[in-house]
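Numbering-wise (our numbering), the sequence shown opens with residue 7 and increments by one.
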Amino acid sequence: MRKNTLEGLKDQLNPTSKISIISHKNPDGDALGSSLALHLFLKQLEIPSQVIMPNTYPDFLKWLPNNQDILCYDSKEAECKARLEASDFIFTLDFNHLNRVGSLGDFLRDLKATFVMIDHHQEPSDYADYMLVNTQIASTCELVYEFITSQYPNTSVSADVASCLYTGIMTDTGSFRFPSTTSETHRIIANLIDAGADNSQIHQHIYDNNNISRLHLLGVALNNLKVVEELNTAYIFLSQEDLNLNHFKKGDTEGFVNYGLSIKGIKFAVIFIENKAENIIKISLRSIGDFNVNAFARKHFSGGGHNNAAGGKSDLDLKSTLAEFETTLKHYKEDLL
Ligand code: 5GP
Ligand code: MN
């Protein structure tokens, strides 16, 4: 295992450095917020960088400052590869295994650049030369804030950097309610508001951005919600047909899984979403308390994440995936009581 330190990195970064910043596939608020915050902070130091995402991101994140600077690999493959190939430094943010960037992973593995990992997921792999990894921290944005304030104590962050960091902390803590939210999280948030993050407007951008189709899709999801009472588990499924009928767009199902957890007594909630284009069932898992969904997702659904929030996939069809899930679940009776 490499050393978990950024020591010596700062001295190598200067306006002539060629830097790429990349995050995971299906980027969320923390992935985009941390990447854009780092990009904009480096810009404050007159150090240029290029943000690259494996694929596109939901509309409710398209207001983020400078998101138009991002190159998405799914639409600009050659340009992304050329940028990455020419990079001296590649910052990988909010993930810790190269397979999390989809088909770009094998390409990254062969590059000679210096890799920097800033992340808060469990069990990091061994590809990075510099690491700032802490699985106790709620968001990668908090770690980018730590990077900035520890390495550049005399540079205050701009309002745009503050807004990006605020967004990732807010989304990865479930609006400051998950147990990973600490007094330090709130101190950082207070500093970001002082630096110019407009907290109320950011909440509005993210949460008051529904259209009627998304609410209809939520209606279908709630109708499809099943409770396995004796195992304190609730799960939702959405077929490709459900998605098509309700004009599904990327991001529309964000947060749906949490409705299962809002039922009194439920400790484990899952959503299964059919994706015919990729021929998989994408799975999101959440828990309250000790039930470790990271371990569950790793063992049964080729995934991972955190103790209380993880993701994965199934290569079976929707019906078989649900049947297998119900069978598997029975082996966890003691953990779920
Ligand atoms: P979500 O369910 O919101 O997509 O993801 C929950 C958490 O699990 C996030 O931290 C995300 O990065 C992680 N995650 C989601 N899908 C996968 C996956 O397929 N593999 C791994 N290792 N982590 C995932
Ligand atoms: Mn994150």
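By construction, the Cβ of each residue, glycine as well, lies at the ideal position given by its N, Cα and C atoms.
Query, Result
"Is it true that the CB of D100 sits closer than 8 Å to the CB of D125?", "yes"
"Assign L218 to buried or exposed, taking buried as 16 or more other Cβ atoms, counted over all protein chains shown, within 10 Å of its Cβ.", "Per the sequence presented here, residue 218 reads as Ile, with Leu not at that position. Exposed, by the Cβ-count rule."
"Span of the beta strand (DSSP E) holding I28?", "25-29"
"Verify whether the separation of the beta carbon atoms of G266 and I242 is less than 8 Å.", "yes"
"On the criterion of 16 or more Cβ atoms from any shown chain inside 10 Å, does H192 qualify as buried, or is it exposed?", "exposed"
"Have a look at the DSSP bridge pairing and note the partners of M123.", "T98, M137"
"Y241 lies in the alpha helix (DSSP H); which residues open and close that run?", "Counting along the chain, Y241 falls outside any alpha helix (DSSP H), though it belongs to the beta strand (DSSP E) covering 239-244."
"Just to confirm, does S41 get its C-beta within under 7 Å of one of the non-hydrogen atoms of the ligand MN?", "no"
"Where do the ends of the alpha helix (DSSP H) carrying E332 lie?", "324-336"
"Check whether the Cβ of H127 sits closer than 7 Å to any heavy atom of the ligand SAM, and report yes or no.", "By its list of ligands, the structure shown excludes the ligand SAM, since it contains just the ligand 5GP and the ligand MN."
"Assuming I25 and I53 are in contact, meaning their beta carbons sit under 8 Å apart, how far apart are those beta carbons, in whole angstroms?", "7 Å"
"How big is the Cα-Cα spacing for K31 and G108?", "6 Å"
"Under a Cβ-count criterion, where at least 16 other Cβ atoms within 10 Å of its own Cβ denotes burial, should Q56 be classed as buried or exposed?", "buried"
"If you measure from the CB of S428, is any heavy atom of the ligand 5GP nearer than 7 Å?", "The structure shown does not extend to residue 428, since the chain spans only 7 to 343, so no value can be given for it."
"Does E280 pass the burial test, meaning 16 or more other C-beta atoms within 10 Å, or should it be called exposed?", "buried"
"Cα separation between L221 and N215?", "11 Å"
"Is the CB-CB distance between I194 and I175 below 8 Å?", "yes"
"Quick check: what's the CA-CA separation for K305 versus T22?", "44 Å"
"Quick check on this structure: which residue in K16, A275, S162, S245 has the alpha carbon closest to the alpha carbon of L324?", "S245"
"With a threshold of 8 Å, are at least 3 pairs of Cβ atoms found where one atom belongs to the stretch 62-77 and the other to the stretch 256-265?", "yes"
"For the pair the stretch 33-53 and the stretch 11-22, tell me if three or more CB-CB distances fall below 8 Å.", "yes"
"Which residues in the same chain as L351 place their Cβ atom closer than 8 Å to its Cβ, once the five residues preceding and following it in sequence are excluded?", "There is no way to answer for residue 351, as the model of the chain reaches only from 7 to 343."
"Could you give the distance in angstroms between the alpha-carbon of S156 and the alpha-carbon of N102?", "22 Å"
"Who are the Cβ neighbours of I27 in its own chain at under 6 Å, not counting the five residues just before and after it?", "S41, L44, H45, S55, V57, F97"
"DSSP on E280, reduced to helix/strand/coil?", "strand"
"Please classify E190 as buried or exposed, where buried requires at least 16 neighbouring CB atoms within 10 angstroms.", "exposed"
"With 16 as the cutoff for other CB atoms within 10 Å, does L322 come out buried or exposed?", "exposed"
"Can you tell me whether S145 is buried or exposed? The criterion is at least 16 other CB atoms within 10 Å of its CB, across all chains shown.", "buried"
"Taking 7 Å as the cut-off, is the C-beta of D34 nearer than that to any heavy atom in the ligand 5GP?", "yes"
"What does DSSP give as the partner residue(s) for S320 in the beta ladder?", "I287"
"Does the structure place the stretch 308-323 close enough to the stretch 270-290 that three or more beta carbon pairs sit under 8 Å?", "yes"
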